[in-house]
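Below is one structure, written out as structure tokens, with a few remarks after it.
Residue numbers (the UniProt record's numbering), protein chains in the order written: chain A, 1 to 470; chain B, 1 to 470.
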């Protein structure tokens with residue numbers, strides 16, 4: 001078998017692998033990209049894109065109901081599913097057409113291999129198709145792992161045997177179940193509840209903790225209120241003891257003294273880096289752990305190995321994976337050319353304390369940087385202020401009786417914001433001002449001069465600064 | 001007549017005068033506030049608030065039409081007008097109830113006087129009620145003018161006699177005219193066209209130039225496209241020669257070789273500082289001009305006189321007036337206490353090159369800082385990049401076939417952004433990230449690390465930086 005050499009071999013052509021490849025070919029490197037499933041990855045077909053395609057019409061109908069002067073808006077479930085089908089490029093057989101993505105990979109002059117990429121020693125990668133090695137690749141400079149993550153199914157008795165839906169099945173739903181029980185109060189659980197309830201399911205959401213526990217505690221409470229007003233039965237602090245599926249397909253979930261009966265069960269109990277089956281053992285790494293990397297995305301163990309996106313465990317978020325991919329791609333171009341490492345572009349420093357996230361429930365949760373708890377744990381001298389977004393004139397125009405809240409976590413020593421959280425309708429696009437402020441560590445007394453137009457919801461930034469005492 | 005003394009006398013209780021008063025009483029000064037019309041001002045009853053109350057339902061119905069999966073949404077014009085009535089606190093006699101605002105003024109421990117405030121020599125102000133002086137006030141430290149602006153009616157033959165509607169009549173419309181001609185392609189003209197068309201009028205909009213000419217040229221073109229798709233007959237580069245109103249109320253507008261016949265005409269041809277009748281002559285100032293002030297909002301002529309908001313002609317925008325009011329209030333507190341002037345809070349520097357504005361048409365126009373033309377005129381070494389917002393994944397989820405554009409004006413010498421413009425659906429809340437970046441002069445290579453969540457429309461920030469070459 002002919003062995004082919006590239007400057008860099010990328011395993012995984014999700015958005016993260018694609019971005020890394022794009023930066024590198026633009027920088028003059030030869031790049032091979034290997035994908036076992038679909039180019040475009042989890043995000044394009046089974047996660048971000050279909051979930052938002054399904055959530056957006058639901059969200060808009062809810063927004064319409066909150067405004068006197070709009071009448072008649074309702075969700076057309078069949079049309080919503082058809083919209084999703086278009087977004088994820090569904091084929092008649094229920095699969096997905098990723099030709100647009102593979103063409104994009106070729107358009108950036110990278111070589112695309114369909115198959116499983118597996119490390120086979122230092123800077124060597126096998127491509128497996130149908131269980132056979134179909135191609136051997138060597139990487140002159142580096143191998144980049146961008147294999148993403150996989151859902152975890154914890155050892156709840158009967159859960160695995162009940163063949164629960166994961167996020168893939170939820171976002172690719174064709175027949176909306178009448179009754180659903182969702183296990184898990186994280187992002188996937190909450191968004192799945194909003195989605196399925198919006199499409200007409202009777203939903204029970206069970207979390208052993210609260211909802212969205214990595215956010216400020218009140219964020220999860222506001223989302224619970226929102227889900228309840230969508231008709232979701234939200235049950236927090238409830239431990240599931242057993243799951244069983246009857247012969248007729250009915251699922252029973254036992255938790256505490258209660259039993260919840262449904263037509264379908266969704267397991268949304270976390271994800272873990274996809275490190276299995278990619279040959280990490282062949283280079284002496286532990287395949288049971290995330291691939292540990294430094295801020296240049298280089299393995300802390302092997303100088304020729306890089307890992308970007310979920311597989312390195314830094315931040316399981318598409319946009320942070322893409323961010324890492326930009327840094328990693330630029331790093332490899334610079335290192336291949338023997339350029340110095342000093343540029344601020346060659347590090348993914350925002351990963352640590354400047355990460356944004358949006359949860360597309362109704363209300364939405366948009367946050368960046370550190371929560372109060374995280375900031376205190378890291379030893380900052382913290383002060384927190386908050387403000388009811390409904391008091392902002394612009395919010396009262398966006399929705400009658402707007403409900404929402406914003407908070408700002410301040411590092412008192414430096415007079416800069418460490419984090420912001422916004423919960424409310426349409427706060428997703430409100431976040432970037434906070435992200436710029438947190439990332440650039442803009443002093444609050446400069447932020448004071450960043451004026452928000454009247455009457456926009458963004459005036460909440462002014463209100464937070466006033467609440468702080470400016 | 002008993003003459004009363006206050007630390008500061010504020011003439012005008014619109015949002016700008018109210019904010020200045022609030023900062024000053026919080027700082028321990030005694031303050032009198034005088035308002036001839038309604039506390040809360042133009043913005044609360046006749047401008048920003050009612051216009052957005054009317055525009056928002058129209059905009060939401062248009063947004064619903066752009067999403068497969070939402071059906072049946074339509075504007076209910078009577079309910080929209082009722083919504084507006086609530087927002088502007090309409091009374092049964094067609095007036096407005098400003099008791100909430102006067103109570104607010106009293107809640108901050110300022111003295112409220114209803115009447116016309118008029119300067120009567122240095123630091124002296126008369127309150128006139130029914131043409132009589134009802135109160136004499138003296139200001140120990142300063143008089144603050146916050147009288148706002150008035151619409152101008154240019155000398156087009158027949159226009160004044162035709163008794164055209166201004167923005168007040170548009171935003172307070174009760175019976176929507178069948179056919180309307182709007183003169184003026186600025187913000188008021190464009191928003192009025194969107195509003196009336198959305199409520200069912202057949203609208204012709206005539207501008208002697210383009211639309212929104214202070215923005216990037218393509219912004220006005222996209223708004224013209226949007227208005228046309230709402231059914232508005234947009235006529236640019238057309239000079240009106242004559243207006244006449246017949247006995248039956250029908251209005252005829254002659255422009256070029258054409259005549260436009262309508263049931264109502266709207267004059268949206270600019271505003272000027274409200275300097276008349278406030279006694280400027282009594283202190284030696286020219287009442288035909290804006291009151292010229294420095295960055296502390298102090299008159300460049302008289303050290304005891306301050307002017308905030310439209311009356312100083314710096315920026316005829318509510319939010320910039322409120323911004324100036326915060327600075328002015330803080331300045332007066334500091335000066336009354338003999339504190340030094342050095343704090344960055346004591347200057348309204350963002351007025352010059354860091355001003356944001358949102359136009360609530362469909363598409364919206366959101367901009368901050370300098371346009372390309374303005375930046376070049378000021379001698380900056382300029383490079384401009386732009387990006388089609390419809391190509392952003394998040395935008396394709398917000399609306400099927402999203403149409404919009406973003407641009408960034410960069411100062412090449414310093415590597416910072418001088419201005420941003422966004423045109424598209426729901427871009428109003430997208431702006432604050434740009435405003436923070438422009439105001440804090442965040443280097444582009446730092447902005448690179450301010451990550452936008454996937455899939456939000458805010459990813460357009462990344463695209464602009466990539467287009468720039470980062």
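Glycine included, each C-beta is placed from N, C-alpha and C at the ideal position. Note that the structure is a prediction, hence the values are computed from the model and not measured.
Residue 261 (chain A), buried or exposed, once every other Cβ within 10 Å from all chains shown has been counted against 16: By the beta-carbon neighbour count (other beta carbons within 10 angstroms, threshold 16), residue 261 (chain A) is exposed.
Is the distance from the Cβ of residue 355 (chain A) to the Cβ of residue 369 (chain A) below 9 Å? yes
Pick out the complete beta strand (DSSP E) segments inside the segment 312–365 of chain A, 3 residues or longer, and give them in chain order. 356–359
Determine whether the beta carbon atoms of residue 141 (chain A) and residue 251 (chain A) lie at a separation below 9 Å. no
Residue 445 (chain A): contacting residues in chain B (beta-carbon distance under 7 Å): 344 and 345
Count the other C-beta atoms from every protein chain shown that fall within 10 angstroms of the C-beta of residue 109 (chain A), then say buried if there are 16 or more, exposed otherwise. Counting Cβ neighbours within 10 Å, residue 109 (chain A) comes out exposed, since fewer than 16 surround it.
With 9 Å set as the bound, which would you pick, yes or no: does the beta-carbon of residue 357 (chain B) sit closer than that to a beta-carbon of chain A? yes
Name the two residues that bound the continuous alpha helix (DSSP H) containing residue 258 (chain B). Run containing residue 258 (chain B): none in the alpha helix (DSSP H); it sits in the beta strand (DSSP E), 258–262.
May I ask you to report which of helix, strand or coil DSSP gives residue 93 (chain A)? It is coil, neither helix nor strand.
Tell me which residues of the segment 51–72 of chain A have at least one Cβ-Cβ distance to chain B shorter than 7 Å, keeping chain order. So the close ones are 52, 53, 56, 57, 60, 61, 63, 64, 67, 68, 69, 70, 71 and 72.
Residue 388 (chain A): first and last residue of the uninterrupted beta strand (DSSP E) it sits in: 382–388
Thinking C-beta only, is residue 437 (chain B) closer than 9 Å to residue 417 (chain B)? yes
Closer than 7 Å at the beta carbon, the chain B residues around residue 448 (chain A): Close partners of residue 448 (chain A) in chain B (Cβ separation under 7 Å): 345.
Roughly how many angstroms separate the alpha carbons of residue 107 (chain B) and residue 16 (chain B), rounded to a whole number? 17 Å
Starting from residue 334 (chain B), find everything on chain A with Cβ-Cβ shorter than 9 Å and list it in chain order. The premise fails here: residue 334 (chain B) is roughly 14 Å from chain A at the closest Cβ pair, so nothing lies under 9 Å.
Since residue 215 (chain A) sits in a beta bridge, which residues does DSSP pair it with? For residue 215 (chain A), which the question treats as bridged, DSSP gives no partner whatsoever.
With a threshold of 9 Å between beta carbons, is residue 74 (chain B) in contact with chain A? yes
Excluding five sequence neighbours on each side, which residues of the same chain lie with their C-beta closer than 8 Å to the C-beta of residue 382 (chain B)? 372, 375, 376, 409, 410, 411, 412 and 418
Of the listed residues B:442, B:343 and B:449, nearest to residue 327 (chain B) (C-alpha basis): B:343
Exposure label - residue 1 (chain B); buried when at least 16 CB within 10 Å: The residue in question, residue 1 (chain B), is exposed, as its Cβ has fewer than 16 Cβ neighbours within 10 Å.
Where does residue 5 (chain A) land, buried or exposed, given buried means 16+ other C-beta within 10 angstroms? exposed
Among A:3, A:112, A:88 and A:71, whose alpha-carbon lies nearest the alpha-carbon of residue 31 (chain A)? A:112
Is it the case that the Cβ atoms of residue 19 (chain A) and residue 345 (chain A) are separated by a distance below 9 Å? no
In chain A, what lies closer than 8 Å to residue 49 (chain B) by C-beta? Going along chain A in sequence order, the residues near residue 49 (chain B) (Cβ under 8 Å) are 393, 397 and 455.
Reducing DSSP to helix, strand and coil, say where residue 65 (chain B) ends up. helix
Which of the residues in the segment 407–432 of chain B, read from start to end, lie with their CB under 9 Å from any CB of chain A? 426, 427, 428, 429, 430, 431 and 432
With residue 113 (chain B) as the anchor, note down where its alpha helix (DSSP H) starts and where it stops. From DSSP, residue 113 (chain B) is part of no alpha helix (DSSP H) but of the beta strand (DSSP E) over 111–114.
Just checking, does the segment 62–75 of chain A make contact with the segment 26–46 of chain A on the three C-beta pairs under 8 Å criterion? no
Just to confirm the assignment, what range does the alpha helix (DSSP H) spanning residue 373 (chain A) have? 372–377
Among the candidates B:214, B:138 and B:239, whose CA atom is the shortest distance from the CA of residue 121 (chain B)? Closest option to residue 121 (chain B), Cα to Cα, is B:138.
Which value, in whole angstroms, describes the spacing of the CA atoms of residue 291 (chain A) and residue 324 (chain A)? One alpha carbon belongs to residue 291 (chain A), the other to residue 324 (chain A), and they sit about 14 Å apart.
Residues near residue 49 (chain A) in its chain [Cβ-Cβ closer than 8 Å; skip 5 each side]: Residues 43, 87 and 88 of the same chain have their beta carbon placed closer than 8 Å to that of residue 49 (chain A), with the five preceding and five following residues left out of the count.
Out of A:10, A:236 and A:160, point me to the one whose CA is closest to residue 189 (chain A)'s CA. A:236
Taking buried to mean at least 16 other C-beta atoms within 10 Å of its own C-beta, is residue 152 (chain B) buried or exposed? exposed
Kindly list the residues whose CB is nearer than 8 Å to the CB of residue 454 (chain B), restricted to its own chain and excluding five residues on each side of it in sequence; keep chain order. 393 and 394
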